[in-house]
Amino acid sequence: PLPFSHSLLTRRFLSGCASGKFEKPFVVLVIGAVLFGYMTARVSYLVPNKSRCTGSGLVERRLRSELASVLGTYERRMSDTQRPIVNPHAFDYVLNAPGVCKGNQVETVIAVPSRIHSFEARRAVRETWGGVANNTVLLFFFGIVQPADSTKHTPYYEPETKLTPEELQTLLRKESSVYGDIVQENFIDSYRNLSLKSVAIVRWVSLYCPGSTFVIKAD
């Protein structure tokens, strides 16, 4: 119990307000009472009593919640490093140009996603903006042509060139042997797979030209 009562403090406070003066001992007493009450409240909160240690206690529920949050964050971070990769981009190279950066100070790689039958467009790029910069490598990236359906009696022809997939691939191989700037992976070359072609660009640069400063994807 405190050595003073609530009513005594109240009377002293009202008397001081009426006279406009507070005795120094009284001020010290009030400050001490406030500090004592504050520390008592803090200690009773920080040190759990019997009721707080039960399943319905506020402190226990709060501690359980915080512990579950910490453990959940740890498990999520661990799962990010251990769970399997959704799309490992496990495609192989059909045509490649692995040595174009070797022994050269390549500053910029210009990567152009292209359709196999766009032979004239690639020729125009090589003869204009694709062949004028120094310390620059120009590459064209492809998938493979949709294979012919063996269940159909008529052969498949590419709509624009009227060539079969085999004929298109033969022409692309010849182009690769002449210019050495063709990179082809064995996914189907289609509009839906443009994201795979973008990943193929990043993969190729990281494997064969990691010292380059810039990578420009140009359509």
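Going by the UniProt record's numbering, the first residue of the sequence shown is number 1, and it counts up by one from there. Where is the CB? At the ideal position from N, CA and C, for every residue including glycine. Every value quoted in this text rests on a predicted model; they were computed, and no experiment measured them.
| Item | Value |
| --- | --- |
| Have a look at residue 68 and residue 198 and give me their C-alpha separation to the nearest angstrom. | 40 Å |
| Is it right to say residue 112 is buried, meaning 16 or more other beta carbons lie within 10 angstroms of its own, or is it exposed? | buried |
| Could you have a look at residue 94 and say whether DSSP puts it in helix, strand or coil? | strand |
| Looking at C-beta atoms only, is the number of pairs between the segment 114-124 and the segment 200-210 that lie closer than 8 Å three or more? | no |
| Out of curiosity, what's the CA-to-CA distance linking residue 203 and residue 160? | 30 Å |
| Distance check for residue 75 and residue 183, CA to CA, integer angstroms please. | 40 Å |
| Return the chain-ordered list of same chain residues with a C-beta closer than 8 Å to the C-beta of residue 117, the five sequence neighbours on each side being excluded. | 158, 160, 161, 163, 168 |
| How big is the Cα-Cα spacing for residue 174 and residue 95? | 11 Å |
| Of the residues 176, 62, 106, which one's Cα is nearest the Cα of residue 140? | 176 |
| If you reduce the DSSP assignment to three classes, tell me which class residue 186 lands in. | strand |
| When burial is assigned at 16 or more other CB atoms within 10 Å of the CB, is residue 214 buried or exposed? | exposed |
| Mind checking which residues open and close the alpha helix (DSSP H) that includes residue 178? | 165-179 |
| Hey, out of 217, 216, 206, whose CA is closest to residue 98's CA? | 206 |
| Nearest by alpha-carbon distance to residue 93: which of 132, 180, 101, 186 is it? | 186 |
| Quick one: using the 10 Å Cβ neighbour count with 16 as the cut-off for buried, is residue 114 buried or exposed? | buried |
| What's the gap between the Cα of residue 193 and the Cα of residue 88? | 15 Å |
| For the candidate residues 132, 136, 196, 100, whose alpha-carbon lies nearest to that of residue 108? | 136 |
| Going along the chain, which residues of its own chain have a beta-carbon closer than 8 Å to the beta-carbon of residue 220, five neighbours each way excluded? | Residue 220 lies beyond the range of the chain shown here (1 to 219); nothing can be said about it. |
| For the candidate residues 144, 100, 195, 190, whose alpha-carbon lies nearest to that of residue 170? | 144 |
| At a cut-off of 7 Å, is residue 161 close to the ligand GTP when judged by its beta-carbon and the heavy atoms of the ligand? | You won't find the ligand GTP in this model; it holds no ligand whatsoever. |
| Since residue 111 sits in a beta bridge, which residues does DSSP pair it with? | 139, 217 |
| Hey, out of 200, 191, 65, 66, whose CA is closest to residue 146's CA? | 191 |
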